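The structure under discussion appears below in the form of structure tokens.
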Amino acid sequence: MTQAPTSHPYRSHHCNALRREDAGRTVRLAGWVYRKRDQKHQVFVDLRDHHGVTQLVFDEGAGELVERARELRAESVVFVEGTVALREKGNPKLDTGDVEVVVSRLTIDSIAAELPIQVAIPKGESDRDGEELRLRYRFLDLRRERLHRNIVLRDAVIRAMRDHMHAEGFVEFHTPILTNSSPEGARDYLVPSRVHPGKFFALPQAPQQWKQLLMCSGYDRYFQIAPCFRDEDARADRAPGEFYQLDLEMAFATQDDVFGVVERLYQKLPAVVASPDRPAKKIAHFPFPRLQYWDVIDRFGSDKPDLRFGLELTDVTDALRGTGFGLFADAIASGGRVKALRLPGLGKDGKGAARRLEKAVKEKGYGGLPHLFFKAGPGGAGLEADGSLKKALTADEAARVAQATGAAADDLVCFGFGTRLAAAKVLGEVRLLVGREQGLADPDVLSFCFVTDYPFYELDDEGKVAFSHNPFSMPQGGLEALNGLDPLEIRAFQYDIVCNGIELSSGAVRNHRPDIMYRAFELAGYSQADVDREFGHMIAAFRFGAPPHAGMAPGVDRTIMILLDEPNIREVVAFPKNQRCQDLLVNAPSEVRPKQLEELHIRIVHPAS
RNA sequence: GCCUCCGUGGGGGAGCAGAGUCCCCGCCACCCUGUCACGGUGGAGACCGCGGGUGCGAAUCCCGCCGGAGGCGCCA
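Following my numbering, the numbering of the first sequence begins with 3 at its first residue and continues without gaps.
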């Protein structure tokens, strides 16, 4: 930028620099051969670099240059010198479309071999080739317009995050990558110690303990674009192995202080990735709604609700109390619920929709999807129910369901039953499926919310009281609640931020008081000695004056994914791993030399089979 | 660990029991002096993922394996 343009050995301008007013100048450009249009006596080449595309012309007047231009291979790197000329008819698709460079000198610097995947996307095709090839030749994939832009926008988002955090008074830290395994959470990645035979570092699943220690060290506001390592299986929105969080923590702060910092950040981000061809997404509600955990479960059947559309669930437990239908009666008798989801118009084609939804729900591991569909009664008066529960429920019960859900003719009503959570969750899946099928969610809207008041404890598989989320979060009501309430009634200062049905982060007001910590663990069946053994360093820090503190850690990759409307997290990561956590470009993981293992005091035992 | 879907020239797709597989892009050769996701003519390139089975006949149906993706489990 500070370089005098004409003195640079490779180029005087980049490929998105030349404009109408540059006509007549002698320039030098460098870049990749993007597209070539060969007319024998005249060759047009679109030259591409990071910044854009400029058209080159090789004309007969230039003699053997035209011949050499005809031989150019797509994606070769070339340097050219020439004169900027105005084009009679410009190309409005290019920023440089008013001009072209009439080439007088051509240097072919790096010849490209035949390409395994095409960088210039052919007519009518997409750039979504087979994932395996895209990952193996990621350097080519990254040249393509969409992915190249995604990675640049990722930089813009991360820079906006840093700017925002600094503006809010946060200090950026680095915390150790070689650290300790912690007993909770996902599987760890382990790194063997050469110096200490038989001992291992663990890569951090998150810098959780470090940031809390920094709070105890008096830094007030911490943040980090933090790499996190978890040995867990992939999903479309979850990278295997490693990913990044905007990790933040605040001392002397309440839950609302954390929410404020985060929602002010997310308010800015849509504009950061906007461009003329990509208008900024609209934020549905600001400030972001604060919704309680049980409220979103009851209404949307999920703790990460997509709030861009309605289709809320109805509780029909009271409407069906006393039913003779065994499954519902059992659920109600054991303190559970029966929930209903009204799907307008989906009863029109009889069983079709219900059967399709039931199949989808079964693939997710649910038992089934009892349902009713309603049609107008004889002579158009009243409603008649049909469907899998027609015989199981009385006409009166069906009518009460219609009343409770507001169901009308042609509507389908699906049911969930069991515990409060189970009854709602299956319908939450159905809600998402129907929302997707019918395009109910506006893709140009970001509907954020904070989900608050998670239960502190839940019953585990064996019916014992266990932490339901993060054991280091503060129970609401503190020690009094732990001593006075039914553990299952206690709520945590534990929260998530959710956008369009995707969980961006969870966070918590931390438990910084050893007395409350010991008691909280005691109720979950851990002795004081257990706590001291596993978390002694945290307790130690808390025993010498710890400020109340709270934080959060929104996923960076997921955030960018949502902002850019990408369905898969690999589309916003430069060098992602595949579903099985392999890097196909560098062939990792791979075997290592026997000598290396020996130094690390490690012997491989291959699995049987 | 489990479930679902998908593997067809270099890339993308169609064909889903019956003729010599087909189409678009790319590649090679030739033609074309204003193209611009150029156009035209010709050509090369495929063990239809691998192995087994059923059939007169398999890219197509069945079984197993391998590979990829999505999901469940898992993700304090």
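We treat Cβ as the ideally placed atom computed from N, Cα and C, and that holds for glycine.
What you are looking at is a predicted structure, and each value in this text was computed from that prediction instead of being measured.
My understanding is that residue i touches residue j, with C-beta atoms under 8 Å, so please give their C-beta distance in whole angstroms.
i           : j           : result
residue 263 : residue 170 : 5 Å
residue 71  : residue 25  : About 22 Å; that fails the 8 Å criterion.
residue 590 : residue 584 : 7 Å
residue 510 : residue 495 : 6 Å
residue 366 : residue 439 : The pair is not a contact, with the Cβ atoms about 15 Å apart (cut-off 8 Å).
residue 414 : residue 345 : 4 Å
residue 247 : residue 228 : 5 Å
Indicate whether residue i and residue j have their beta-carbon atoms separated by less than 9 Å.
i           : j           : result
residue 51  : residue 16  : yes
residue 2   : residue 32  : Here the chain has residues from 3 to 611 only, and residue 2 is not among them.
residue 318 : residue 458 : no
residue 557 : residue 507 : yes
residue 566 : residue 180 : no
residue 450 : residue 287 : yes
residue 177 : residue 213 : yes
residue 215 : residue 203 : no
residue 548 : residue 514 : yes
residue 550 : residue 512 : yes
residue 329 : residue 419 : yes
residue 478 : residue 455 : yes
residue 343 : residue 385 : no
residue 396 : residue 339 : no
residue 310 : residue 437 : yes
residue 568 : residue 152 : yes
residue 349 : residue 377 : yes
Just the C-alpha distance for residue i and residue j, rounded to the nearest angstrom, thanks.
i           : j           : result
residue 23  : residue 266 : 42 Å
residue 276 : residue 162 : 13 Å
residue 195 : residue 217 : 29 Å
residue 6   : residue 82  : Residue confidence is low: residue 6 scores 46 on pLDDT, short of 50, so the model does not pin down where it sits. No coordinate-derived value is stated.
residue 168 : residue 224 : 10 Å
residue 68  : residue 105 : 9 Å
residue 103 : residue 49  : 10 Å
residue 357 : residue 373 : 10 Å
residue 308 : residue 144 : 31 Å
residue 44  : residue 149 : 32 Å
residue 578 : residue 133 : 11 Å
residue 393 : residue 433 : 25 Å
residue 398 : residue 323 : 12 Å
residue 108 : residue 91  : 25 Å
residue 42  : residue 35  : 17 Å
residue 354 : residue 402 : 24 Å
residue 197 : residue 603 : 10 Å
residue 466 : residue 190 : 26 Å
residue 4   : residue 14  : Because the pLDDT of residue 4 is 41, which lies under 50, any placement of that residue in the model is unreliable, and the number read from its coordinates should be weighed accordingly. Distance between the alpha carbons of residue 4 and residue 14 is about 12 Å.
residue 55  : residue 18  : 6 Å
residue 296 : residue 532 : 32 Å
residue 487 : residue 472 : 19 Å
Among the options, which has the Cα closest to the Cα of residue i?
i           : options            : result
residue 160 : 125, 144, 186, 226 : 226
residue 114 : 78, 310, 155, 313  : 78
residue 446 : 330, 322, 179, 281 : 281
residue 375 : 454, 409, 108, 54  : 409
residue 337 : 271, 273, 320      : 320
residue 406 : 56, 593, 341, 101  : 341
residue 294 : 205, 303, 346      : 303
residue 468 : 499, 297, 528      : 528
residue 448 : 322, 503, 197      : 503
residue 96  : 351, 21, 339       : 21
residue 99  : 485, 47, 570       : 47
residue 564 : 432, 240, 311      : 240
residue 237 : 581, 604, 205      : 581
residue 235 : 500, 466, 188, 199 : 188
residue 89  : 74, 57, 110        : 57
residue 368 : 335, 425, 390, 205 : 425
residue 124 : 147, 138, 137      : 147
Tell me whether residue i is buried or exposed, calling it buried when 16 or more other Cβ atoms sit within 10 Å of its Cβ.
i           : result
residue 606 : exposed
residue 28  : exposed
residue 380 : exposed
residue 249 : buried
residue 600 : exposed
residue 38  : buried
residue 141 : exposed
residue 117 : exposed
residue 208 : buried
residue 404 : buried
Nearer than 8 Å: is that true of the beta carbon of residue i relative to any heavy atom of the ligand PLP?
i           : result
residue 453 : In terms of ligand content, the structure shown is empty, and the ligand PLP therefore cannot be addressed.
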